[in-house]
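Each residue of the sequence shown is one higher than the one before, starting from 3 at the first, in the working numbering.
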Amino acid sequence: MPQAVEDEKRKKQIDWKKIVSIVSILISLGILFYFCISKNGLLALLGQLRRFKAAWVVLAVSCMFGDLFLDACLIYLFTKDTNPGYRFRFALKVCLAGHFYSAITPFQSGGQPMQIYLMSRQRIDPG
Numbered sequence: 003m004p005q006a007v008e009d010e011k012r013k014k015q016i017d018w019k020k021i022v023s024i025v026s027i028l029i030s031l032g033i034l035f036y037f038c039i040s041k042n043g044l045l046a047l048l049g050q051l052r053r054f055k056a057a058w059v060v061l062a063v064s065c066m067f068g069d070l071f072l073d074a075c076l077i078y079l080f081t082k083d084t085n086p087g088y089r090f091r092f093a094l095k096v097c098l099a100g101h102f103y104s105a106i107t108p109f110q111s112g113g114q115p116m117q118i119y120l121m122s123r124q125r126i127d128p129g
């Protein structure tokens, strides 16, 4: 079959991946819009902001940054013995990527494999 005929057939075929992506985005935007206009939605949350105690918010954010820092320190300390040129910023990058992929995958199953992948890209032996 000539290349031009195959290209024309591909153009006529429905790209299901794009359709699923568009439908997913529209559903997400619909849920977000509903949350913004519902009775106990965004306006109610914004109304409650003045009742938040700043000390608790600062403590919570500090704990989050402390967790990230300690996780990066662990990665750095375990890695610098075998690779003396390893920098703390590399460990922080691996730590942040691990937390991100843990947050977006079901059952937080994607963080450690991504950390292994990133460290292998940084020439750290995964074995």
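We put the CB at the ideal spot given by N, CA and C, even for glycine.
Selected residue, minimal CA-CA separation from Met-121, among Thr-84, Ile-106, Ser-111, Thr-107: Thr-84
Proximity below 9 Å, CB of Ala-93 to CB of Cys-75: yes
Gly-129 classed as buried or exposed, judged by whether at least 16 other C-beta atoms fall within 10 angstroms: It is exposed - the Cβ of Gly-129 has fewer than 16 other Cβ atoms within 10 Å.
Helix, strand or coil at Pro-86 [DSSP, three-state]: coil
Coarse secondary structure for Ser-23, derived from DSSP in three states: Three-state DSSP puts Ser-23 in a helix.
Per-residue burial, Ile-77 [other beta carbons within 10 Å of its own, 16 or more giving buried]: Classification of Ile-77: buried, given that the 10 Å Cβ count is 16 or more.
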